[in-house]
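Notes for the one structure printed next.
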Amino acid sequence: MLVHSPSGEPIQAVNGDVEASEKVPVDGSLDDLDVEGIDALVVPGGTVNADHLRMDGRAQTIARKVAAARKPLAVICHGPWLLVSAGLVEGRRLTSWPSLADDIRNAGGNWVDEEVVVDDYLITSRKPDDIPAFVAAVGQALNGARV
Numbered sequence: 001m002l003v004h005s006p007s008g009e010p011i012q013a014v015n016g017d018v019e020a021s022e023k024v025p026v027d028g029s030l031d032d033l034d035v036e037g038i039d040a041l042v043v044p045g046g047t048v049n050a051d052h053l054r055m056d057g058r059a060q061t062i063a064r065k066v067a068a069a070r071k072p073l074a075v076i077c078h079g080p081w082l083l084v085s086a087g088l089v090e091g092r093r094l095t096s097w098p099s100l101a102d103d104i105r106n107a108g109g110n111w112v113d114e115e116v117v118v119d120d121y122l123i124t125s126r127k128p129d130d131i132p133a134f135v136a137a138v139g140q141a142l143n144g145a146r147v
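Our numbering numbers the first residue of the sequence shown as 1 and each following residue consecutively.
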C-alpha cells in the first residue's frame, strides 16, 4: 500500500477533525502518483482533509484517471466531495456523510443512506462505523482487479 499527500510531507492524522493523533509517513506527493501503477485509489474522509483534496486539481485529475481506468475508487465520509468536484457523480449511486447528500444530488448523483454502496468500480461509505463493510468491499473489488 502506498500513501501519498499533496506535498509529499507526512500527514497529520486527527480524531474528530480537531484532535491531532499520529503523523503518517508518506511515499510521495500527488505529483509522484502514477495511476497506471496502482490497483485502486482509497480517499480518506474527514471534513478538513476532504475539503482540501476537493480543491486540489491534481487530486481531481487522479480521481478522473482512476475512474477512466475503471479501477476501484473507494471513498468514505466527506471524501465524496472530491468526486463532486471532479465531476464523477452524475448518474452514480453512492453514499457519504449525510451532510453531503445535497451536494451529491445537486451534482446529479443518487445519494442513499447505506453503510457501503458499490456502483461498478465506485465504492462509498458514510462514516467510521462503516469501515468494516468499506474494507470488505474494497477487498472484494481488489480480488477482481487486474493484476
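Ideal placement from N, C-alpha and C gives every residue a C-beta, glycine not left out.
Less than 7 Å between the C-beta atoms of residue i and residue j, yes or no?
i: V43; j: K65; result: no
i: R54; j: L82; result: yes
i: G109; j: R92; result: yes
i: A13; j: E19; result: no
What's the C-alpha gap between residue i and residue j?
i: R146; j: I123; result: Unreliable positioning characterises R146 in this predicted model, as indicated by a pLDDT of 46, which lies under 50. The coordinate reading is nonetheless provided below. Taking the straight line joining both Cα atoms gives about 17 Å.
i: W111; j: S85; result: 16 Å
i: D51; j: M1; result: 23 Å
i: R70; j: D119; result: 11 Å
i: A208; j: T95; result: Residue 208 falls outside the range modelled here, since the chain spans only 1 to 147, and no answer is possible.
i: V117; j: I76; result: 10 Å
i: A68; j: L88; result: 10 Å
Tell me where the alpha helix (DSSP H) around residue i begins and ends.
i: D119; result: Where D119 is concerned, there is no enclosing alpha helix (DSSP H), although the beta strand (DSSP E) it sits in stretches over 116-119.
i: I131; result: 131-143
Along the beta strand (DSSP E) that carries residue i, what are the first and last residues, could you check?
i: S21; result: 19-24
Let me make sure I understand the geometry here. Which of the options has the alpha-carbon closest to that of residue i?
i: D32; options: L100, E9, E22, S21; result: E9
i: L41; options: G79, H4, V48, A74; result: A74
With which residues is residue i paired in a DSSP beta bridge?
i: T124; result: V75, V117
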